[in-house]
Amino acid sequence: MHLSTKNNEKFNSRTALRDCFTSLFNAVWRQRSDNVAGILTGNRIPLYGEKTAAFETFSRLLWGVFPLLASGESGDLDIRALFRLIAAGANPAHPCYWGETGDFDQRSVEMAVFGVGLALSESTFRQQLDAQEQQQLFHWLRTLRKAQIPQNNWSFFPIMVEMGLCLSGESWSPEVVARHFARLDSFYLGDGWYSDGLKRPRDYYNGMALHFYGLIYAQLMRDIDPQRCRILRERAALFAHDFIHFFSEDGAAIAYGRSMTYRFAQAAFWSAAVFAGLDVFPLGVMKGLIFRHLRHWLAQDITDTRGILTVGYGYANEIMAEEYNAPGSPYWAFKTFLILALKEDHPFWQSAELPLPPRNHRHVIARAGQLIIDDENSGHHYMLNVGQTPGKNYANSESKYAKFAYSSLLGFNLERSRFGLELSACDSMLLLAEQDGHYRGRRTNERSDISDRGIYTRWSPWHDVAIDTWLIPLACGHLRIHLVQNARPLESAEGGFPLPLAAFSPDAFDTQNGTVRSPETGLYSRIVDISPALNRACSQIISPPASNIRFPYSSSVPTLKQTLAPGRHLLCCVADAGHTLSTLVLPAISLTSHSIEIKQDDQLMEIPL
21 MHLSTKNNEK FNSRTALRDC FTSLFNAVWR QRSDNVAGIL TGNRIPLYGE KTAAFETFSR
81 LLWGVFPLLA SGESGDLDIR ALFRLIAAGA NPAHPCYWGE TGDFDQRSVE MAVFGVGLAL
141 SESTFRQQLD AQEQQQLFHW LRTLRKAQIP QNNWSFFPIM VEMGLCLSGE SWSPEVVARH
201 FARLDSFYLG DGWYSDGLKR PRDYYNGMAL HFYGLIYAQL MRDIDPQRCR ILRERAALFA
261 HDFIHFFSED GAAIAYGRSM TYRFAQAAFW SAAVFAGLDV FPLGVMKGLI FRHLRHWLAQ
321 DITDTRGILT VGYGYANEIM AEEYNAPGSP YWAFKTFLIL ALKEDHPFWQ SAELPLPPRN
381 HRHVIARAGQ LIIDDENSGH HYMLNVGQTP GKNYANSESK YAKFAYSSLL GFNLERSRFG
441 LELSACDSML LLAEQDGHYR GRRTNERSDI SDRGIYTRWS PWHDVAIDTW LIPLACGHLR
501 IHLVQNARPL ESAEGGFPLP LAAFSPDAFD TQNGTVRSPE TGLYSRIVDI SPALNRACSQ
561 IISPPASNIR FPYSSSVPTL KQTLAPGRHL LCCVADAGHT LSTLVLPAIS LTSHSIEIKQ
621 DDQLMEIPL
């Protein structure tokens, strides 16, 4: 079900945003039950249990509630009933008590919003809770101090709680804040980028978590902790100049990494930047970023018939979910409603939306191992990827982090099985099998390098198979070169971008040109073999429905196949996709004893071996 607004084209005002929030909020609020200090909207229950899952749903709604209250408004929300639920949940004598947070406890995550709420709208808490209820809430929040938490973005949760206690005039712990900031500093890589824990991924958690909380702290604690706030602003400003490249002109963001079910939390960083007065781009540019992104999501099928956000990405899809996702998890998207804290007379609301500023068609993010490309010829906005290996084995990690390319337009496919190409998510990947149908792709890199000219990685799917891969952007599409040294016979399959097919058509695939077209969308995906000594046959691999995170249909992946005898092989191709099918100018590749030579348009590029 699509989100309902009166006119998405006019969805560009504070009133429209407030109405969107309250509509989404009320759809969930109507599901609440008596004698439960939470709301459960579905039957997907993670390890932390039904009660905490219900609490998670409720607490994530508050990321929109508290900013609205901070502006002096409440819309049509039943604020008294909402705070009665808070009073019950924080009361240890009440049957609905949320309970003290333990070690590595999901309740630690959900406590953060109460700290932000206290900092934004202390007066509402004082009005709605009596003195005893206030102290019970403060005591409950302080239980977080003694809990162990994972060494990642979770360190911001106790910081947010202590910030709220501080700014509401209650006893707080500067030592807790200092300790957790020291841990977060150890994750900082430079150039505005954190890893989400030591040697952990660099993904959307930078924007929707690490910098999001950092900017809230920087704005609200600037008089109490000015030096720290200055550092947080400086880091966020650096990050902004990279992060703007994640968004296409139509508002869609590149689908990449875990926790994609948080959907429009992808733009939460920009809301925090506006809230904190971060001077990185004109307000009109950031307004355009936020509202184009939200309009993009309004057009997607992301709610059920009750109007409740589903677990999924472009549609309800349990296959792409993480093990920690509960029915209410998608409501972290409400972080983007932080800008509701800004009153109607704020310059942000008076600014006209502006388009994206001029930007390079190739942008290197070395800290994240990403090369983002705006392909003018095809209208395709995508990322070439070094590949990351999460320290924790998340569901479908290879599909989410290790592919050669990720797209804002076409999403990516998820592996359903390692047996059979149709289920193995061969899009934007070179897969190999020992002639038994069990396919392996890239998971980890032994070495890597990145520049604006391209990406290099070495990876080994078996101990006696070494693959050197180069990904090089071209004027149209990108070049892939793989030097495979294998001591065992292998079947190889290399896929292009996945293309949604609402209905199968035998005419959609052009074998000779390696091109598949979608008559429903007008989009195409193409892969052309240019290997100097091999001739890889092209076929289309049809994935099952719900394999692609953006589209519910089956998808077609144009795929090059070849058997590789033991030895050394040079596999080369050009892959592209998008709206406008252009004539490819194919480079000529040759292998010498000391280099790989690439010739195109009277230019010679040598890759030393």
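Position one of the sequence shown corresponds to residue 21 (this note's numbering), numbered consecutively onward.
A virtual CB, placed ideally from N, CA and C, is assigned to each residue, including glycine.
Lysine 307, enclosing alpha helix (DSSP H) - first and last residue: Looking at the DSSP string, the run of the alpha helix (DSSP H) that includes lysine 307 is 303 to 318.
Every unbroken alpha helix (DSSP H) within the segment 413 to 485, with a cutoff of 4 residues, ordered by chain: List check, alpha helix (DSSP H) in window: 417 to 421.
For asparagine 506: DSSP bridge partner residues: Beta-bridge partners assigned by DSSP to asparagine 506: Val485, Gly587.
Distance CB(phenylalanine 177)-CB(serine 141) smaller than 8 Å: No, they are not a contact pair.
Residue from Thr72, Leu67, Ile65, Asn46 with nearest C-alpha to glycine 646: Any property of residue 646 remains undetermined from this structure, which presents the chain solely from 21 to 629.
Alpha-carbon spacing of serine 388 relative to glutamate 120, whole angstroms: The displayed chain sequence assigns alanine, not serine, to residue 388. One alpha carbon belongs to alanine 388, the other to glutamate 120, and they sit about 37 Å apart.
Backbone CA spacing between lysine 26 and histidine 316 [nearest angstrom]: Here lysine 26 scores only 45 on pLDDT, less than 50, and its place in the model should not be relied on; the value that follows carries that caveat. One Cα belongs to lysine 26, the other to histidine 316, and the distance between them is close to 15 Å.
6 Å CB neighbourhood of glutamate 364 in its chain, flanking five on each side removed: So the qualifying residues of the chain are Arg34.
Extent of the continuous beta strand (DSSP E) run through glycine 210: The continuous beta strand (DSSP E) containing glycine 210 extends over residues 208 to 210.
Alpha helix (DSSP H) runs wholly inside the segment 231 to 287, at least 4 long, in chain order: Here the runs fully enclosed are 231 to 240, 246 to 263.
Assigned exposure category for alanine 202 - 16 Cβ within 10 Å defines buried: Exposed.
Neighbourhood of proline 302 by C-beta distance below 7 Å, restricted to the same chain and skipping five residues each side: Same-chain partners within the cutoff: Leu374.
Boundaries of the beta strand (DSSP E) in which lysine 636 is found, first to last residue: No information on residue 636 is available, as it lies outside the stretch 21 to 629 that the chain covers here.
Identified DSSP bridge partners for methionine 625: In DSSP, methionine 625 forms a bridge with Ile618.
Alpha helix (DSSP H) segment containing isoleucine 179, residue limits: That run of the alpha helix (DSSP H) goes 176 to 187.
C-alpha gap between serine 610 and aspartate 527, whole angstroms: In a straight line, the C-alpha of serine 610 is about 34 Å away from that of aspartate 527.
As assigned by DSSP and simplified to three states, the class of threonine 409: The DSSP-derived three-state label of threonine 409 is coil.
Reduced DSSP secondary structure (H/G/I, E/B, other) of isoleucine 339: Looking at isoleucine 339 - three-state DSSP - the assignment turns out to be helix.
For lysine 307 and aspartate 205, the rounded distance between their alpha carbons: Using only the alpha carbons, I get a separation of about 30 Å.
Three-state secondary structure assigned by DSSP to tryptophan 160: Helix at tryptophan 160.
Buried versus exposed call for arginine 570 [16 or more other C-beta atoms within 10 Å across all chains shown]: Classification for arginine 570: buried.
Minimum length 3: unbroken beta strand (DSSP E) runs contained in the segment 340 to 407: If we require 3 residues or more, the beta strand (DSSP E) runs fully inside the segment 340 to 407 come out as 382 to 385, 390 to 395, 400 to 405.
Three-state class that DSSP yields for tryptophan 490 in the structure shown: Correct three-state label for tryptophan 490: strand.
Residues of its chain near histidine 231, where Cβ-Cβ distance is below 6 Å and the 5 sequence neighbours each way are ignored: Within the same chain, histidine 231 has close Cβ partners Ala256, Phe259, Phe289.
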